Amino acid sequence: MVEKNFLVIGSGVAGLTFAVKMAEKHPDRNVIIVTKGDEDESNTKYAQGGIAVVLDMEEDSFQKHIQDTLIAGDGLCDREVVEMVVKEGPQRLKELIAWEANFDLNSEGDFDLGKEGGHSEYRVVHHKDVTGYEVERALLQRVHQLANIELLSHHFAIDLITDHHLNSKNDNDISCYGAYVLNQKNGEILTIKADNTLLASGGIGRVYGHTTNPIIATGDGIAMAYRAKAKIKDMEFIQFHPTALYNPEGGSYFLISEAVRGFGAYLRNKSGYRFMPHYDDRAELASRDIVSQSIDNELKKSGDSHVFLDCTHLDMVAFKKHFPNIYDKCKEYHIDVEKDWIPVVPASHYLCGGIVVDKQGKTSISNLYACGECSKTGLHGANRLASNSLLEALVYAHNIFKALSVDSQESRQLSIPDWNDEGTSIPKEHILIQHNLKELQALMRDYVGIVRSNKRLHKAIARLDLIYNEVEEFYKESKITTTLCELRNMVNVAHLIISQSLEQKENRGGYFNSDNI
């Protein structure tokens, strides 16, 4: 058994920021980070746009950023949380810069602030079009300088250790004692006991197949928390990014940043008609839910598989400077942005709900915290304002660090059983996993997508039950593998999305049900 003060599950901005702060301030305490895949593989790495922070107090104000966030959240944000996150933004950005994260400057040497959909002012701090990658790089560099942080890459968290594993029958007062973790290279399952555990495990994009998220975004943290009986809410509010580069092969879609529309690109259908002014006065700069629903409507009317983003009228020298990564990726697909329209389609992008936490990041389970996309803080409401997600992760990682700096509890003496896989065998039927995964993704895309209906949701539940039973049976008789656990987690997440969609009787933000009109 491995014993640590803090276990962090996930290596994106949320988990790394907490780990760095805790390790710097408390050299006598130790932190272990487990992450599946490579250490830098996270949703953070793929965040293109930037961090929304109020820095220009002449043109901008905290009040304007707060108002923009509340409007995007469509009446479901927690105002106190919004005010806290927005006002803490500048201080949290300063810390990132102290850890040597670089952000673009203009010719005067000030931050080159961007503007994205839903923002009333220029306030997005960015590093070209790879902001998340730069933040991830700086944080990992700092992590490796701190002797009291151990980072285990290629380690997959299977389940949280709770009273259930200790044969305690009290369902009302559940505590977390760490997690069972699979070493993906040798198949060994570690028992990691921790005084406090932080879930910073990212989003759920792969549940839909068509997603801007990396392949690792399978909702593992949310599913583990759900099985441990943590409170989970607002799973119906999924933000679909309106403009992912259309890929006829499916899989992860490359994101064409919102900032490209902020830069002046137009959305057109196949015949060249610029359709967004017909749907909203803000045209291409309307919030993501409106742009996604508008594109969805255009595709349903035409039967086409995608629409187009037209950048041909833009200043190409400036475009290449701002979006070198996007320009090169399009070139890879034989799209010359100067002359060709970019084929785009909405893809699942960001979850606004998740594990319910308070302002200190505490979940409903003792000694378990959650931060980043897997958490539901109240900041996003029914729809996230662009570039508020990295900001939220920085602020909440700081709040959790503050809460746990004060709370220097003694390590509990517990006898935790090791993982028991007696009677299981190595699964030979990998085809079962792949088949069920494809079926699950098609089900979520077709029945639980941008526009839903009660009839489709009920059909989805019936089909999901069949997948669930097959996967659970397979899980009970098989030795643990990452792909099997991920599928099981995605089935849990799909169940939460569908059941909470059926409970939602109003169309708000990212949730639209044609029966609620």
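Residue numbers (our numbering): 14 to 530. C-beta: ideal position from N, C-alpha, C; glycine also. The structure displayed is predicted, hence computed values, not measured ones.
Pull up the distance between the alpha-carbon of residue i and that of residue j, whole angstroms please.
i	j	result
I429	G191	10 Å
Y460	D208	41 Å
D353	H335	18 Å
V408	G145	16 Å
I269	T256	6 Å
Y363	V273	18 Å
G285	L212	46 Å
V304	Q373	33 Å
E519	N185	31 Å
I474	L515	10 Å
P103	R136	11 Å
G7	T495	In this structure the chain extends from 14 to 530, so residue 7 is not present and cannot be described.
W112	A85	31 Å
L417	D323	49 Å
M457	D51	28 Å
L470	I511	6 Å
P40	L159	9 Å
K77	R476	45 Å
G88	R521	8 Å
L83	H254	19 Å
D478	D125	50 Å
S300	G436	52 Å
Verify the CB distance criterion: does residue i have a CB-CB separation below 8 Å to chain B?
i	result
R521	As a matter of chain content, chain B is missing from the structure shown, which is built from one protein chain.
Give the DSSP bridge partners of residue i, in chain order.
i	result
I355	L322
C343	Answer is none; C343 lacks a bridge partner.
V15	I205
D172	Y193
S491	S438
A65	V137
Ordered along the chain, which non-local residues of its own chain (more than five positions away) have a Cβ less than 7 Å from that of residue i?
i	result
D431	T204
I493	I171, L195, I202 and D434
G391	C90, D91 and V94
D528	S466 and N467
D11	Nothing can be reported for residue 11: it is not among the residues displayed for the chain, which extend from 14 to 530.
I245	I235, A238, Y239, G367, I368, V369 and L509
D309	P359, I463 and V464
I162	A32, A36, V44, I46 and V156
I480	N449, E452, L453 and V504
L555	Because the chain spans 14 through 530 in this model, residue 555 falls outside it and cannot be assessed.
I446	T496, L497 and L500
K472	Y460
Around the C-beta of residue i, are 16 or more other C-beta atoms found within 10 angstroms, so that it is buried, or is it exposed?
i	result
H411	buried
Q154	exposed
V138	buried
E442	exposed
V350	buried
I187	buried
G63	buried
K489	exposed
S361	buried
V419	exposed
L450	buried
D526	A small correction: the amino acid at residue 526 is Asn; Asp does not occupy that position in the sequence shown. Per the 10 Å Cβ criterion, buried.
K38	exposed
A383	buried
E486	exposed
E262	exposed
Apart from the five residues just before and just after residue i, which ones in its own chain have a Cβ nearer than 6 Å to its Cβ?
i	result
V26	T57, V148, L403 and A406
S388	G367, I368 and V370
A243	I368, T376, S377 and I378
P440	S491
L327	G277
C189	L173, T175, T210, I378, N380 and L381
S424	D208
I think residue i touches residue j, with their Cβ atoms under 8 Å apart; what is that distance to the nearest whole Å?
i	j	result
S491	L500	Rounded, the Cβ-Cβ distance is 11 Å, inconsistent with contact.
Y266	T224	6 Å
S307	M289	6 Å
C365	Q252	6 Å
L4	L179	The requested residue 4 is not part of the displayed model; the chain covers only 14 to 530.
L164	V156	6 Å
E271	E71	So it is not a contact: roughly 25 Å between Cβ atoms.
N396	F250	7 Å
V506	G232	4 Å
F75	V99	5 Å
By Cβ distance, which residues of its chain are closer than 8 Å to residue i, with the 5 residues on each side in sequence left out?
i	result
G230	According to the sequence displayed, residue 230 carries Ala and not Gly. These residues qualify, in order along the chain: N56, G215, G216, I217, G218, R219 and T224.
H319	Y259, L312, P356, V357 and V358
P337	K141 and D142
Y59	G145, Y146, T225, N226, P227 and L268
F321	L280, R281, N282, K283, W354, I355, P356 and V357
H168	V47, T48, K49, V194, L195, N196, Q197 and L203
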